[in-house]
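Chains as they are written, first to last, in the numbering used here: chain A, 1 to 309; chain B, 1001 to 1267.
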């Protein structure tokens, strides 16, 4: 069955009392794509993750995964997704293998077929020799590997991961992404991750930037960066507000003061640096030029820093 | 490998029950909490109050109190098993259970069945100790007859615990309800003292407490018909009907509460 999309979220809104956590969120993920939902904490990522994982009921809008509607066919949808939680979902009083077997049973797998799937899954993550060990004896990184193997045991067509790099050192993060890429290549698994890490977002084929409950922008990382017309100048100054106003007047720019530093997007930033230095030699403490990062895209789209709330 | 919905549900109930039992056996402190504490209560109160005379009781206090202690074992087991739902949901195995393709009824039944196996096992164990030579007049027949009663009581109390724990986000809240609601429910069930001779308002609470009939039913099951230990109890058939109704109601209530898988939680 070839659908044009593996995940389709349309007009999903969610409120807790009067607080609107999600506001008409919509996006589609193609089969075999790695899609990242990037946003600061409190932006609505967790709510969206919980809705996609079927933990929260849908208040408004529709969610369709692998042809199953989250409202009318939640059981069918659940059988097609693998969910990897941010907080551990392993029973630490059970062995690695026992955890996997219980998980398989919940997905209707049993007997020799389940046993084979568990062996294969553990071998894949390099934990075959630890199968008989209690989960509580495993390091944080190994536990997350087991979480991943557990999420993949039922061979889901869509794998949903909530902040998968949490608690992993840089080496383990690299391994995780290498593993996810290999998985996509071999099984064609669609992968959906939520993250607040820019570097993690770089691994995704496409991104949706989620802020204050809305998708403010989406596309590949390059497309998103391309939305910024040029490079970024960051200027530090003790009189940031006054300098910003003067810059805007003199060079007809749209500089902004964000968290005490002046930020300016310009297609001709290199040239502009010299002009700024010449015009305001006393006021400029430091000035730096950079290629736009995803964080710049975030600021560009939302008008505020990624980290300031 | 395509399985029928019924088979998948039974497989889920089996696996959740199995997990519950294995966890229990691997956590020694839980064995102590659910078993040793009631037995200690029984020794302390049974001996301490052995001089007490209740006019409606025809056996020694220690023997009168004994079935009440069995019910306390069941109650504690149910509390320990269901309080784990609260932490398990945020940082534990329950998270993946909640997103698995199994009906809510199967998740509830897995918890209830696991609790029942543990509670009945411990209840029978304590009963068997009391039936040893030199103990009470509890024969093999009494032991066997108590099993279905213990099953009903376990289902009912696991259901009560689940209904309380499911929407809760802290175990402190559960402890508060345990002290303010569950312990009084047990104290006022004829388990600790007989209903006869209490003030009218207390008599009403005891009569309206569904656990009263469960405790009475356990007394009926442990002793031979006409034994002095069962004199003055409500009629057997009424106790049976009330206890079945209690179990069915809390089971239904649990499924109703658990339909909201997130338990009303905010992320």
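Glycine residues also receive a C-beta, built at the ideal position from the N, C-alpha and C atoms.
- Taking the Cα positions, residue 22 of chain A is about 25 Å away from residue 293 of chain A.
- One thing to note: residue 1081 of chain B has its Cβ within 8 Å of the Cβ of residue 1118 of chain B.
- A check of alpha carbon separations from residue 47 of chain A across A/19, A/3, A/28, A/191 identifies A/19 as the nearest.
- The distance from the Cβ of residue 1219 of chain B to that of residue 1067 of chain B is about 5 Å, consistent with a contact at the 8 Å cut-off.
- According to the DSSP assignment, residue 251 of chain A belongs to the alpha helix (DSSP H) that extends over 240–251.
- Under the Cβ criterion (8 Å, minimum of three pairs), the segment 1169–1179 of chain B does not count as touching the segment 1255–1262 of chain B.
- Look at residue 286 of chain A here: in three-state DSSP terms it is strand.
- Residue 143 of chain A sits in a helix when the DSSP states are folded into three classes.
- Residue-level contact check: residue 89 of chain A touches chain B, since one or more beta carbons of chain B fall below 8 Å from its beta carbon.
- Following the DSSP letters along the chain, one finds residue 58 of chain A in no beta strand (DSSP E), marked with neither H nor E.
- Non-local C-beta neighbours of residue 1211 of chain B in its own chain, meaning closer than 6 Å and more than five positions away in sequence, comprise 1185, 1189, ordered along the chain.
- Residue-level contact by beta carbon fails for residue 1084 of chain B and chain A, as no gap is shorter than 8 Å.
- Per the Cβ contact rule, the segment 1003–1020 of chain B is in contact with the segment 1098–1117 of chain B (3 or more Cβ pairs under 8 Å).
- Taking the Cα positions, residue 37 of chain A is about 45 Å away from residue 1031 of chain B.
- Counting only residues of its own chain and dropping the five nearest sequence neighbours on each side, residue 140 of chain A has a CB closer than 8 Å to the CB of 167, 168.
- Put simply, of A/269, A/156, A/259 the residue whose alpha carbon is nearest the alpha carbon of residue 251 of chain A is A/269.
- Within the same chain, Cβ atoms closer than 6 Å to the Cβ of residue 14 of chain A are found at 21, 22, 47, 59, the five residues on either side in sequence being excluded.
- The beta carbons of residue 63 of chain A and residue 29 of chain A sit about 11 Å from each other, so the pair does not count as a contact at 8 Å.
- For residue 24 of chain A, the uninterrupted beta strand (DSSP E) segment begins and ends at 19–29.
- For residue 83 of chain A, the nearest beta carbon of chain B is closer than 8 Å to its own beta carbon.
- Here residue 126 of chain A is exposed: its Cβ has fewer than 16 other Cβ atoms, across all protein chains shown, within 10 Å.
- Taking residue 1074 of chain B as the centre and dropping the five residues before and after it, the same chain places the C-beta of 1119, 1123, 1150, 1153, 1154, 1157 closer than 7 Å to its C-beta, in chain order.
- For a cut-off of 8 Å, the C-beta gap from residue 228 of chain A to residue 265 of chain A is around 5 Å, short enough to register as a contact.
- Burial is judged here by how many other beta carbons sit within 10 angstroms of a residue's own beta carbon; residue 11 of chain A has fewer than 16 and is exposed.
- Taking the Cα of residue 182 of chain A as reference, the smallest distance to any Cα among A/194, A/203, A/197 is reached at A/203.
- Those residues of the segment 1088–1107 of chain B placed with their C-beta closer than 7 Å to a C-beta in chain A are 1090, 1091, 1092, 1093, 1095, 1096, 1097, 1098, 1099, 1100, 1101, 1102, ordered along the chain.
- Residue 1227 of chain B and residue 1137 of chain B have their alpha carbons spaced roughly 9 Å apart.
- When Cβ pairs closer than 8 Å are counted between the two stretches, the segment 118–125 of chain A is seen not to touch the segment 68–80 of chain A, the count staying below three.
- For residue 162 of chain A, there is no enclosing alpha helix (DSSP H); the residue is part of the beta strand (DSSP E) that begins and ends at 158–162.
- Less than 8 Å separates the beta-carbon of residue 157 of chain A from that of residue 80 of chain A.
- Segment contact: the segment 281–300 of chain A against the segment 1017–1032 of chain B, fewer than three CB-CB distances shorter than 8 Å; contact not assigned.
- In this chain, residue 175 of chain A is not harboured by any beta strand (DSSP E); it is covered by the alpha helix (DSSP H) spanning 170–187.
- Apart from the 5 residues on each side of it in sequence, residue 1147 of chain B sits with its Cβ closer than 7 Å to the Cβ of 1120, 1124 in its chain, given in chain order.
- Within a 10 Å sphere around the beta-carbon of residue 1209 of chain B sit 16 or more other beta-carbons, which makes this residue buried.
- Remark: C-beta atoms of residue 1197 of chain B and residue 1054 of chain B approach each other more closely than 8 Å.
- Our two residues, residue 1003 of chain B and residue 102 of chain A, have alpha carbons roughly 16 Å apart in a direct line.
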